Amino acid sequence: MAGLGVDMVRMVRRNKLVGFWAAEKLALAGENAKTYSDGLAMAAMDAERSNILVIIRRDFDAAGVILSDEDILAVMNVCWLEAGKQTKGADGSDAALVHIARHLMQRS
91 MAGLGVDMVR MVRRNKLVGF WAAEKLALAG ENAKTYSDGL AMAAMDAERS
141 NILVIIRRDF DAAGVILSDE DILAVMNVCW LEAGKQTKGA DGSDAALVHI
191 ARHLMQRS
(Lines of atoms letter the chains of each structure in order from A and count residues from 1; the text may use other names and numbers.)
(Lines give C-alpha, C1' and ligand atoms only; values in the text may rest on other atoms or scores of the structure.)
Protein backbone atom coordinates (compact mmCIF):
# COMPACT_ATOMS: atom_id res chain seq x y z
CA MET A 1 0.00 0.00 0.00
CA ALA A 2 2.89 2.24 -0.78
CA GLY A 3 1.97 5.82 -1.55
CA LEU A 4 -1.10 5.84 0.68
CA GLY A 5 -1.17 7.89 3.85
CA VAL A 6 -1.18 6.14 7.24
CA ASP A 7 -4.85 6.99 7.81
CA MET A 8 -5.88 5.57 4.44
CA VAL A 9 -3.89 2.36 4.98
CA ARG A 10 -5.50 2.03 8.39
CA MET A 11 -8.98 2.59 6.94
CA VAL A 12 -8.41 -0.05 4.25
CA ARG A 13 -7.23 -2.51 6.90
CA ARG A 14 -10.16 -1.67 9.17
CA ASN A 15 -12.63 -2.19 6.34
CA LYS A 16 -11.02 -5.52 5.46
CA LEU A 17 -11.33 -6.73 9.07
CA VAL A 18 -14.93 -5.53 9.30
CA GLY A 19 -15.60 -7.17 5.95
CA PHE A 20 -14.53 -10.59 7.21
CA TRP A 21 -16.70 -10.15 10.31
CA ALA A 22 -19.71 -9.09 8.20
CA ALA A 23 -19.10 -11.90 5.71
CA GLU A 24 -19.33 -14.41 8.56
CA LYS A 25 -22.65 -12.89 9.67
CA LEU A 26 -23.86 -13.13 6.06
CA ALA A 27 -22.88 -16.83 5.97
CA LEU A 28 -20.20 -16.20 3.36
CA ALA A 29 -17.12 -18.40 3.46
CA GLY A 30 -13.90 -18.95 1.58
CA GLU A 31 -13.49 -16.96 -1.61
CA ASN A 32 -16.92 -15.33 -1.20
CA ALA A 33 -15.92 -13.95 2.22
CA LYS A 34 -12.61 -12.70 0.81
CA THR A 35 -14.36 -11.02 -2.12
CA TYR A 36 -16.84 -9.31 0.22
CA SER A 37 -14.05 -8.15 2.52
CA ASP A 38 -11.95 -6.91 -0.41
CA GLY A 39 -14.94 -4.92 -1.67
CA LEU A 40 -15.30 -3.13 1.65
CA ALA A 41 -11.54 -2.53 1.78
CA MET A 42 -11.64 -0.91 -1.65
CA ALA A 43 -14.64 1.20 -0.61
CA ALA A 44 -12.24 3.18 1.61
CA MET A 45 -10.65 4.53 -1.57
CA ASP A 46 -13.95 5.59 -3.17
CA ALA A 47 -15.67 8.61 -1.62
CA GLU A 48 -19.07 7.53 -2.96
CA ARG A 49 -18.82 4.09 -1.32
CA SER A 50 -16.77 4.89 1.77
CA ASN A 51 -19.64 4.63 4.27
CA ILE A 52 -19.37 0.94 5.00
CA LEU A 53 -22.00 1.13 7.73
CA VAL A 54 -24.57 1.89 5.02
CA ILE A 55 -23.26 -0.97 2.86
CA ILE A 56 -23.27 -3.47 5.72
CA ARG A 57 -26.70 -2.30 6.96
CA ARG A 58 -28.15 -2.79 3.46
CA ASP A 59 -26.57 -6.25 3.11
CA PHE A 60 -27.65 -7.34 6.60
CA ASP A 61 -31.21 -6.14 6.01
CA ALA A 62 -31.37 -8.00 2.68
CA ALA A 63 -30.07 -11.20 4.30
CA GLY A 64 -32.21 -10.92 7.43
CA VAL A 65 -29.23 -10.44 9.75
CA ILE A 66 -30.52 -8.68 12.84
CA LEU A 67 -27.89 -6.43 14.41
CA SER A 68 -28.25 -2.80 15.41
CA ASP A 69 -26.20 0.01 13.91
CA GLU A 70 -24.63 0.40 17.36
CA ASP A 71 -23.48 -3.23 17.28
CA ILE A 72 -21.98 -2.76 13.82
CA LEU A 73 -20.29 0.50 14.88
CA ALA A 74 -18.83 -1.23 17.94
CA VAL A 75 -17.22 -3.86 15.70
CA MET A 76 -15.98 -1.11 13.38
CA ASN A 77 -14.34 0.64 16.34
CA VAL A 78 -12.65 -2.55 17.55
CA CYS A 79 -11.42 -3.20 14.02
CA TRP A 80 -10.15 0.42 13.82
CA LEU A 81 -8.03 -0.22 16.91
CA GLU A 82 -6.77 -3.53 15.50
CA ALA A 83 -5.94 -1.88 12.18
CA GLY A 84 -4.00 0.75 14.12
CA LYS A 85 -1.90 -1.96 15.73
CA GLN A 86 -1.15 -3.36 12.27
CA THR A 87 -0.33 0.00 10.66
CA LYS A 88 3.13 1.44 11.13
CA GLY A 89 2.94 5.07 12.23
CA ALA A 90 -0.62 4.86 13.56
CA ASP A 91 -1.82 4.86 17.14
CA GLY A 92 -5.11 4.01 18.79
CA SER A 93 -5.78 7.41 20.33
CA ASP A 94 -8.03 8.64 17.53
CA ALA A 95 -10.45 5.71 17.93
CA ALA A 96 -11.90 7.45 20.96
CA LEU A 97 -12.41 10.61 18.92
CA VAL A 98 -14.20 8.65 16.19
CA HIS A 99 -16.45 7.04 18.78
CA ILE A 100 -17.27 10.38 20.43
CA ALA A 101 -17.95 12.04 17.06
CA ARG A 102 -20.38 9.27 16.06
CA HIS A 103 -22.31 9.61 19.30
CA LEU A 104 -22.52 13.39 18.90
CA MET A 105 -23.78 13.01 15.33
CA GLN A 106 -26.46 10.56 16.49
CA ARG A 107 -27.74 13.05 19.07
CA SER A 108 -28.14 15.91 16.60
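Per the working numbering, the very first residue in the sequence shown carries number 91; after that it's consecutive.
Cβ atoms here follow ideal geometry from the backbone N, Cα and C, with glycine treated the same way.
Since the structure is predicted, the reported quantities are computational estimates derived from the model, not experimental observations.
Under a 10 Å Cβ-count criterion, Ile156 is classified as exposed, with fewer than 16 other Cβ atoms of the shown protein chains found around its own Cβ. Annotated as proximal: Cys169 and Val108, with beta-carbon spacing under 8 Å. In the pairwise beta carbon analysis, the region 143-153 is classified as touching the region 103-122: at least three pairs are separated by under 8 Å.
Non-local C-beta neighbours of Arg100 in its own chain, meaning closer than 7 Å and more than five positions away in sequence, comprise Ala173, Gly174, Thr177, Ala180, ordered along the chain. The beta carbons of Ala134 and Asn167 sit no closer together than 8 Å. Following the DSSP letters along the chain, one finds Leu130 inside the alpha helix (DSSP H) bounded by residues 120-133.
For Asp159, the uninterrupted alpha helix (DSSP H) run begins and ends at 159-176, by DSSP.
Taking all protein chains shown into account, Leu130 has 16 or more neighbouring C-beta atoms within 10 Å of its C-beta and is therefore buried. Annotation for Leu143: Asp159, Ile162, Leu163, Met166 place their beta carbon closer than 8 Å to its own, counting only its chain and skipping 5 residues before and after.
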